[in-house]
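Going down the list, the sequences are from chains W and C. Quick note, the first sequence lines up with residues 6 to 119 if you use the working numbering. Quick note, the second sequence lines up with residues 611 to 724 if you use the working numbering. Each residue gets a CB set at the ideal place from its N, CA and C atoms; glycine is no exception. Comments concern the structure below.
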Amino acid sequence: GENVEQHPSTLSVQEGDSAVIKCTYSDSASNYFPWYKQELGKGPQLIIDIRSNVGEKKDQRIAVTLNKTAKHFSLHITETQPEDSAVYFCAAGNSGGGADGLTFGKGTHLIIQP
Amino acid sequence: KAGVTQTPRYLIKTRGQQVTLSCSPISGHRSVSWYQQTPGQGLQFLFEYFSETQRNKGNFPGRFSGRQFSNSRSEMNVSTLELGDSALYLCASSLQTGGTYEQYFGPGTRLTVT
Chain W
6 GENVEQHPST LSVQEGDSAV IKCTYSDSAS NYFPWYKQEL GKGPQLIIDI
56 RSNVGEKKDQ RIAVTLNKTA KHFSLHITET QPEDSAVYFC AAGNSGGGAD
106 GLTFGKGTHL IIQP
Chain C
611 KAGVTQTPRY LIKTRGQQVT LSCSPISGHR SVSWYQQTPG QGLQFLFEYF
661 SETQRNKGNF PGRFSGRQFS NSRSEMNVST LELGDSALYL CASSLQTGGT
711 YEQYFGPGTR LTVT
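Have a look at this one:
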């Protein structure tokens, strides 16, 4: 089955700086890579996703890049703000019918220092 | 549009008991997936239901079961509870048409087994 590794487990950055979280996956059949943000006491919130026919996708201060050959994808957050503090999860899955669910990384606790 | 709702939000049970959790997906979504979240194992896929049929199942014992009703609402049941079943149980709904696979999570049910 799929295996997703996520690094780092904790990331502390100064407000206004950029943050980068990296993930690798093992199953070449995976073609859908979402990122989720989870705040304390809440369920994960989908913030951005990318499919394997795209190399990069941006949404305001958030961007995701995918290197299908190397089987890794990254989340980039620019101009970080206090409200970006949360746990971020990457995931990999197959968007076709009958998918085996999403396989998640262990999460990155992002801390924005004022 | 209302999000994914889960009931109850918190539950305390004793070892050996059984428990039923409920999930109402976003209106129009026909796929419901269940995940278990623990500090040690992270987010793990339990099973997915689509149009009242279980499409996929993760690597969990048979004590974990589920079902989906004609209105897409889903229930998850855990029998003979063990201490290790203490976790946040999350359900996620998805539209699942034309390659669309975005999964939207509910707030979760926090289950504590004593």
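Could you tell me whether any Cβ in chain C is nearer than 9 Å to the Cβ of W/Lys111? yes
Using DSSP bridges, identify the partner residues of C/Ser643. In DSSP, C/Ser643 forms a bridge with C/Glu658, C/Ala702.
Who are the neighbours of W/Tyr37 on chain C, taking C-beta pairs under 7 Å? Tyr711
Apart from the five residues on each side of it in sequence, which residues of its chain come closer than 8 Å, Cβ to Cβ, to W/Ile14? Reading off the sequence shown, one finds Ser at residue 14 of chain W, where the question assumed Ile. Excluding positions up to five away in sequence, the list reads Lys111, Gly112, Thr113, His114.
So the beta strand (DSSP E) W/Glu7 belongs to, where does it begin and stop? Neither: W/Glu7 is in no beta strand (DSSP E) and is coded neither H nor E.
On the CB-based measure, 16 or more other CB atoms within 10 Å of its CB, does C/Asp695 come out buried or exposed? By the 10 Å Cβ count, C/Asp695 comes out buried.
Quick one: grab the DSSP three-state call for W/Glu61. strand
Cutoff 9 Å: W/Tyr30 Cβ touching any chain C Cβ: no
Nearest chain C C-beta to W/His114 closer than 9 Å, yes or no? The C-beta of W/His114 comes no closer than 9 Å to any C-beta of chain C.
In its own chain, which residues sit with a C-beta less than 7 Å from the C-beta of C/Tyr711, not counting the 5 before and 5 after it? Ser704
I'd like to check one pair, W/Asp32 with W/Gly48: are the Cβ atoms closer than 9 Å? no
Kindly indicate if chain A contains any beta-carbon less than 9 Å away from that of W/Gln50. Checking the listed chains, one finds no chain A in this structure; the protein chains it contains are W and C.
Cβ-based contacts, 8 Å cut-off: residues of the region 633-647 of chain C near chain W: Ser643, Tyr645
How should W/Ala97 be labelled, buried or exposed, when 16 other C-beta atoms within 10 angstroms of its C-beta is the threshold for buried? Burial call: buried.
Which same chain residues end up closer than 8 Å to C/Gly676 when comparing Cβ atoms and leaving out the 5 residues on each side of it in sequence? Trp644, Leu656, Phe657, Tyr659, Gln664, Ser684, Glu685, Met686, Asn687
Proximal chain W residues relative to C/Pro717, where beta-carbon distance stays under 7 Å: Lys47, Gly48
Short Cβ contact (9 Å threshold) for W/Ile82 with W/Val9: no
Return the residues of the region 660-671 of chain C that lie within a Cβ-Cβ distance of less than 7 Å from chain W, sorted by chain order. Arg665, Asn666, Gly668
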